[in-house]
Amino acid sequence: MKHTWQITAVLLGMFLITQLIGLLVLKADIFHIQVEVNGTLQNVSNPQLYWIAPPENVKPGISISSLIVSFIIAIALVFILSKIKAKLFLRAWFFLVIVIAIFLSIYAFEKLVPWVIPSNIAIIIPLIISLTLAFFKVVKRNMLVHNLSELLVYPGIATIFVSFLFYPPAPYLSIIAIIFILLLISLYDIYAVWHSGFMQKMAKFQINELKFFAGFFVPYLSKKEREKIKLVKQKYKKKEIPQKILNKQKIKVNLAILGGGDVVFPIIAAGIFLEIFGLVPALFVTLGATLALLFLFTVARKGKFYPAMPFLSAGIFVGMLVGWLVSLI
1 MKHTWQITAV LLGMFLITQL IGLLVLKADI FHIQVEVNGT LQNVSNPQLY WIAPPENVKP
61 GISISSLIVS FIIAIALVFI LSKIKAKLFL RAWFFLVIVI AIFLSIYAFE KLVPWVIPSN
121 IAIIIPLIIS LTLAFFKVVK RNMLVHNLSE LLVYPGIATI FVSFLFYPPA PYLSIIAIIF
181 ILLLISLYDI YAVWHSGFMQ KMAKFQINEL KFFAGFFVPY LSKKEREKIK LVKQKYKKKE
241 IPQKILNKQK IKVNLAILGG GDVVFPIIAA GIFLEIFGLV PALFVTLGAT LALLFLFTVA
301 RKGKFYPAMP FLSAGIFVGM LVGWLVSLI
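Note that our numbering has the sequence shown beginning at 1, numbered continuously upward.
This is the structure in structure tokens:
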């Protein structure tokens, strides 16, 4: 096991909670509202979210090609901006994405409550919350806020992707689309981690230069390092530890990280199943992804980097199969 079982449990728990929040956010269907037309309730586009709502009924072929192009452009931009050390621009970019994503998640929770929230309040509340969390996440860089806000970031991002990929006239094409995307992302992840090392470089750049990481980020001390600190404290018990002693102590901090892409793609896959088959089959997709991540955490070894998406995709595919079989019962 790469990390201690406590840290592994924390990462796995945050992953699972984010997946479940994602299903709640997707269930809210924030891009549509129900209005009465000729005595019947009909789903229409939500006018409050016209600025971010993806186009409806986009054919899977077009949606896949659009996502691939967008993905390539995003990677190229991040690579170029990292090379030229455009830290301010990258922080601003992250800040904006975080604000929008958290805004959508909070807006979804408002839609789920059993009472009507006035339209202006429904916009102001999530905007204030998202701006506040983004400030303490990117600017002030509070570790607790960072990880807690991640629970809301990826459900918000996923709701855009699911709306873009879901194709009601032929829903099974949406499943083929997400399977193709997962295979493509898995291949890219393998190349970027085990061959080019791009993922490791990006993670180090974000942590060391931007002081920010797009994903779950848990620093911790090993047992050996904790013992070292304990011995120093015992030696200088009831005394102030001299600064020169503190400077001599080289404390190694371990980092347990899980990238944002590894969190959001399982939500998207489960979201597609939620739209087509309902909640229970979608939960099997979530369960498959969670068990796959647990397997990866168990077999991973210290000092080595692993692409998570191939493992997650395998778990998602098994979950899809089981969820589909359950939907037939």
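Every residue, glycine too, gets a C-beta built ideally from N, C-alpha and C.
Since the structure is predicted, the reported quantities are computational estimates derived from the model, not experimental observations.
I think Ile-176 touches Pro-60, with their Cβ atoms under 8 Å apart; what is that distance to the nearest whole Å?
At roughly 7 Å, the Cβ-Cβ gap stays under 8 Å, so Ile-176 and Pro-60 are in contact.
So does the stretch 251-260 actually touch the stretch 140-147, counting three or more Cβ pairs closer than 8 Å? Segments in contact, no.
Mind checking whether Ala-101 and Ile-181 have CB atoms under 9 Å apart?
Taking 9 Å as the cut-off, the beta carbon of Ala-101 is found no closer than this to the beta carbon of Ile-181.
**Prompt:** Can you tell me the Cα-Cα spacing of Lys-140 and Ile-7, whole angstroms?
**Reply:** Cα to Cα, the separation comes out at about 24 Å.
Report yes if the C-beta distance between Val-333 and Met-309 is below 9 Å; otherwise report no. In this structure the chain extends from 1 to 329, so residue 333 is not present and cannot be described.
Problem - Member of Trp-5, Ala-134, Phe-79 and Asn-46 whose CA lies at the smallest distance from the CA of Ala-92 - result: For the residues Trp-5, Ala-134, Phe-79 and Asn-46, the minimum Cα distance to Ala-92 belongs to Ala-134.
### Message
Pop quiz: Leu-152 and Ile-21 are said to be a contact at Cβ under 8 Å. What is the actual Cβ separation, rounded to whole angstroms?
### Response
The distance from the Cβ of Leu-152 to that of Ile-21 is about 7 Å, consistent with a contact at the 8 Å cut-off.
>> Can you look up Gly-215 in the DSSP assignment and give me helix, strand or coil?
In response: Correct three-state label for Gly-215: strand.
Closest by CA to Gly-303, which one among Phe-273, Gln-200 and Val-318? Taking only the C-alpha atoms, the option nearest Gly-303 is Gln-200.
Measure the beta-carbon distance from Ala-269 to Ile-190 and round it to whole angstroms, keeping in mind my assumption that it falls under 8 Å.
-> Rounded, the Cβ-Cβ distance is 18 Å, inconsistent with contact.
So which of Phe-297, Val-263, Pro-54 and Gln-42 has the shortest CA-CA distance to Thr-18?
Checking every option, the nearest Cα to that of Thr-18 belongs to Val-263.
Worksheet item: Applying the criterion that 16 or more other CB atoms from any shown protein chain within 10 Å of the CB defines a buried residue, is Tyr-50 buried or exposed?
Response: Exposed, by the Cβ-count rule.
* Is the beta carbon of Phe-273 sitting closer than 9 Å to the one on Leu-312? -> The answer is no: Cβ separation not under 9 Å.
Query - Contact belief for Phe-297 with Lys-2 at Cβ below 8 Å, rounded distance in angstroms - result: Separation of the CB atoms of Phe-297 and Lys-2 is rounded to 7 Å, and the pair is thereby assigned contact status at 8 Å.
**Asked** Taking the alpha carbon of Gln-206 as the point to measure from, which residue in Lys-83, Asn-120 and Gly-278 has its own alpha carbon closest?
**Response** Cα-wise, what sits closest to Gln-206 is Lys-83.
Inset, instruction - Measure the alpha-carbon distance for Ile-125 versus Val-299 and round it to whole angstroms. - result: Rounded to whole angstroms, Ile-125 to Val-299 spans 43 Å at the Cα level.
### Message
Quick check: what's the CA-CA separation for Trp-115 versus Tyr-172?
### Response
Using only the alpha carbons, I get a separation of about 35 Å.
Discussion item. Taking its Cβ as the centre, do 16 or more other Cβ atoms sit within 10 Å of Val-25, making it buried, or is it exposed?
Written reply: The residue in question, Val-25, is buried, as its Cβ has 16 or more Cβ neighbours within 10 Å.
*Take Ala-74 as the anchor and find which of Val-97, Phe-164, Ser-174 and Pro-54 has the nearest alpha-carbon.*
Ranking Val-97, Phe-164, Ser-174 and Pro-54 by Cα distance to Ala-74 puts Val-97 first.
Looking at the structure shown, is Glu-275 part of a helix, part of a strand, or coil, going by DSSP? Helix.
key: Beta-carbon contacts of Leu-131 that lie in its chain and below 8 Å, excluding the five residues immediately before and after   = Cβ contact annotation for Leu-131 (same chain, cutoff 8 Å, sequence separation greater than five): Val-99, in chain order.
message = Rounded to whole angstroms, what is the Cα-Cα separation between Leu-81 and Leu-11?
response = Cα to Cα, the separation comes out at about 29 Å.
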